[in-house]
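Just so we're aligned, residue 1024 is where the sequence shown starts under our numbering, counting upward by one. Built from N, CA and C at the ideal position, the CB exists for glycine as well. Note that the coordinates shown come from a computational prediction; the quantities given were computed from them, not determined experimentally. Just below is one structure, and these are the notes that go with it.
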Amino acid sequence: MTFFTKQEQRFLLFLSVTFIIGLAIKFVRKNMAVPDEEWAVQRQQILADLQQKALQINREDSAVVQTPAYERITKESLTRTININAASLEELQILPRIGPATAQKIIAFREKNGPFSRIEDIQKVKNIGPKTFEKIKDLITVD
């Protein structure tokens, strides 16, 4: 003889399981591993070491960094025009919007096709379009 119906037994089982799960969650949260002070000290030491190494690397990098050609512009280079038929890689990089890759393309184009006959011909080089040409047209010559 049972005191509870099948439905009541299921409900009591559900309540019991839910209660036990709740107790387990409470126990785990209470006893969850809290970082101890030793770990906090080690963590601070590791962070300090990493920051020191980062500063050291930055100092080493800044000592080695070379100034790009476009930053070494002198008053003379701004007042004189650059002959694109004879300019070196570094001289071409002085021009606005001309980096190492584009300067190399200008030299390669010049070697393959011969000297430029007009300054407008520089637009035939890949990466030199109308906008770039407008910025450099007063700074270049084909003499």
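Supposed contact pair residue j and residue i - C-beta distance, whole angstroms, cut 8 Å
i: Thr1155; j: Arg1120; result: 5 Å
i: Ile1151; j: Thr1125; result: 7 Å
i: Lys1128; j: Ile1142; result: Going by Cβ atoms, the distance from Lys1128 to Ile1142 rounds to 16 Å, so no, they are not a contact pair.
i: Phe1027; j: Leu1035; result: 7 Å
i: Asn1106; j: Asp1166; result: 5 Å
N- and C-terminal bounds of the alpha helix (DSSP H) containing residue i
i: Arg1141; result: That residue, Arg1141, is in no alpha helix (DSSP H); it is neither H nor E in DSSP.
i: Gly1045; result: Lys1029 to Lys1053
i: Leu1112; result: Leu1112 to Gln1116
Per-residue DSSP class, three states only, for residue i
i: Glu1099; result: Caution is warranted here: a pLDDT of 49 is assigned to Glu1099, below 50, making its placement in the model unreliable, and the coordinate value is therefore given only provisionally. Glu1099 falls in the helix class under three-state DSSP.
i: Thr1025; result: coil
i: Thr1125; result: helix
i: Ile1163; result: strand
i: Asn1150; result: coil
i: Asn1108; result: coil
i: Arg1133; result: helix
i: Asp1072; result: helix
Closest Cα partner of residue i within the set the options
i: Glu1134; options: Asn1108, Lys1158 and Leu1035; result: Asn1108
i: Gly1122; options: Lys1149, Ile1044, Arg1103 and Pro1138; result: Lys1149
i: Glu1157; options: Thr1025, Arg1066, Asp1059 and Leu1118; result: Leu1118
beta-carbon residue i near the ligand NAD non-hydrogen atom, thresh 7 Å
i: Ile1130; result: Ligands in the displayed structure: none, and consequently the ligand NAD is not present.
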